[in-house]
Amino acid sequence: MSMFKNTKFRNHSLPIIILGIFMMYFYSALQNDHLNILTPYYTDMGWSANQVTLPVTVAGFVVIFLTMIIGTLMIKYGVAKVLIPSTVLLGISTIGLAVSGDNMVLYAISLFMMRVLVVPLLMGAFMLCTNWFVNLRGRVLGFITMGNPLCTATIIPGMSIGVASIGFTATYTIIGVAVILLALLMALFIKSRPEDYGLYPDGSATPVTIPVEKVMSFKDVMTNKNSWLLIVSFGLLQFMIVALMAFYVPRMQMIGTEMPTLLFWLSVAAIMGMPISYLIGFIDDKLGTITASLVMCCFYFLALFMLLFMQADNIAMIIALAIGLAGVTGGMPTLHPSVTAYVFGRENYQAANRWIMSIQAVIMAFAITFMATIMDTTGSLDLAYQIMLGMMVVVIITILMLSRTPDYDRETNKVLTS
1 MSMFKNTKFR NHSLPIIILG IFMMYFYSAL QNDHLNILTP YYTDMGWSAN
51 QVTLPVTVAG FVVIFLTMII GTLMIKYGVA KVLIPSTVLL GISTIGLAVS
101 GDNMVLYAIS LFMMRVLVVP LLMGAFMLCT NWFVNLRGRV LGFITMGNPL
151 CTATIIPGMS IGVASIGFTA TYTIIGVAVI LLALLMALFI KSRPEDYGLY
201 PDGSATPVTI PVEKVMSFKD VMTNKNSWLL IVSFGLLQFM IVALMAFYVP
251 RMQMIGTEMP TLLFWLSVAA IMGMPISYLI GFIDDKLGTI TASLVMCCFY
301 FLALFMLLFM QADNIAMIIA LAIGLAGVTG GMPTLHPSVT AYVFGRENYQ
351 AANRWIMSIQ AVIMAFAITF MATIMDTTGS LDLAYQIMLG MMVVVIITIL
401 MLSRTPDYDR ETNKVLTS
């Protein structure tokens, strides 16, 4: 790869890749995963589940609007100037939660800020990748998003052991300090663009993209038909990943699968998600983002069919489900930023993403309510999986419509290097 041939580029880009894994790890950990520890800890203290999760629920809606603001700030001031201070504040908020005890005001403020401040961590990691890499974009995104399944496989058992052995306060304090340390490493080793070092993306000796004349406005993005194809396709895919993962345990329990069995295979799926994440990125680089997206859709179909027809203790179906979920959790974080860069290019990635991601977040916000309503109304989740299979048909059609648009940067790169 060209990045390894250019020593200066390698030295400056490798820290982005390595730290990117930890950005994705802590994004997953502090967005939702830690709630598996937080909720039972506080309900054992006599709090209701609604009291425990209300700050997260409120923050989830605030994030819809915050995404636009963060994207705009990153465009104006650069990724690093937004990402680094927000990560420091994320660490401080985590420590605030650690020491909050039964102080409901401090608890609510700290948890709310944690949920809000993980967003720049995600957006910053993705924007750094799209700024620094074009022809290597898929593989790099596939590599850093290994942090997501790695977190799923380790954070809950790790925090459980921590809370049991050294206590809640110490466990969350250690995480908060680790996040602050991550921010300090970012300040030392990360700049927003390779051009800040006098370099070009991928370590190329010549420019691989053409600077845009102006940053896309809200009107420019919303009047572009490809924006709506991205909103529908990847908005529905995000909706489904939330629905699939949040109701995996209830579904498996409904059909009689024992808790140790279903948790074991969930861990297996998380571990398998790491190599699949890179595989999807490799396909993205070698065969194109659209092809990689269609391959990922096959994993969605596999997971949905297995959940719909699952039989208790049918090991073959459980293994197939684990593979499907591994492809979903490994592929979606990789391709979500890549497909936006595919359409709009690195120069306008964040300008478009700030609006597209916000609308996708609205779609995703209804996933839990959708599943819970169907389960409460019908006493089953069969209808939910049937509807989502219909959604997948819509997703396939919209992705195929996107295939008529060439990869913005990679096609430009071919022209510049020909």
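Following UniProt numbering, the numbering of the sequence shown begins with 1 at its first residue and continues without gaps.
Glycine included, C-beta positions come from ideal geometry on N, C-alpha and C.
For residue i, which option in the options has the closest C-alpha, if you only look at C-alpha atoms?
i, options, result
"residue 280", "58, 330, 46", "330"
"residue 169", "102, 288, 272", "102"
"residue 192", "12, 362, 157", "12"
"residue 340", "174, 386, 182, 138", "138"
"residue 61", "385, 256, 404, 366", "366"
"residue 69", "119, 96, 7", "119"
"residue 321", "245, 181, 146", "245"
"residue 248", "175, 380, 65", "380"
"residue 31", "65, 117, 395", "117"
"residue 404", "384, 393, 288, 296", "288"
"residue 143", "402, 363, 334", "334"
"residue 27", "176, 74, 271", "176"
"residue 303", "351, 377, 237", "237"
"residue 216", "332, 347, 150", "347"
"residue 98", "397, 58, 37", "37"
"residue 150", "29, 285, 350", "29"
"residue 182", "257, 23, 229", "23"
"residue 234", "95, 396, 259", "396"
In whole angstroms, what separates the C-alpha of residue i from that of residue j?
i, j, result
"residue 83", "residue 203", "23 Å"
"residue 328", "residue 148", "12 Å"
"residue 232", "residue 357", "11 Å"
"residue 226", "residue 283", "22 Å"
"residue 124", "residue 80", "8 Å"
"residue 263", "residue 388", "23 Å"
"residue 195", "residue 135", "17 Å"
"residue 353", "residue 359", "10 Å"
"residue 172", "residue 250", "28 Å"
"residue 391", "residue 5", "44 Å"
"residue 241", "residue 325", "9 Å"
"residue 104", "residue 361", "28 Å"
"residue 223", "residue 345", "17 Å"
"residue 319", "residue 277", "18 Å"
"residue 185", "residue 8", "18 Å"
"residue 45", "residue 35", "15 Å"
"residue 86", "residue 155", "22 Å"
"residue 252", "residue 314", "11 Å"
"residue 131", "residue 54", "36 Å"
"residue 64", "residue 89", "20 Å"
"residue 292", "residue 160", "36 Å"
"residue 394", "residue 401", "11 Å"
"residue 399", "residue 91", "38 Å"
"residue 270", "residue 165", "25 Å"
"residue 376", "residue 384", "12 Å"
"residue 272", "residue 299", "12 Å"
"residue 145", "residue 20", "8 Å"
"residue 129", "residue 205", "18 Å"
"residue 343", "residue 93", "36 Å"
"residue 265", "residue 373", "26 Å"
"residue 113", "residue 316", "43 Å"
Indicate the three-state DSSP secondary structure (helix, strand or coil) for residue i in the structure shown.
i, result
"residue 193", "coil"
"residue 421", "A query on residue 421 cannot be resolved here, the shown segment of the chain reaching from 1 to 418 and no further."
"residue 136", "coil"
"residue 207", "coil"
"residue 404", "coil"
"residue 107", "helix"
"residue 6", "coil"
"residue 172", "helix"
"residue 47", "coil"
"residue 216", "coil"
"residue 370", "helix"
"residue 146", "coil"
"residue 221", "helix"
"residue 385", "helix"
"residue 293", "helix"
"residue 158", "helix"
"residue 342", "helix"
Along the alpha helix (DSSP H) that carries residue i, what are the first and last residues, could you check?
i, result
"residue 267", "259-287"
"residue 41", "35-43"
"residue 313", "From DSSP, residue 313 is part of no alpha helix (DSSP H); its letter is neither H nor E."
"residue 232", "225-246"
Distance cutoff 8 Å, beta carbons only. Does residue i sit that close to anything in chain D?
i, result
"residue 136", "No chain D is present in this structure, which holds just one protein chain."
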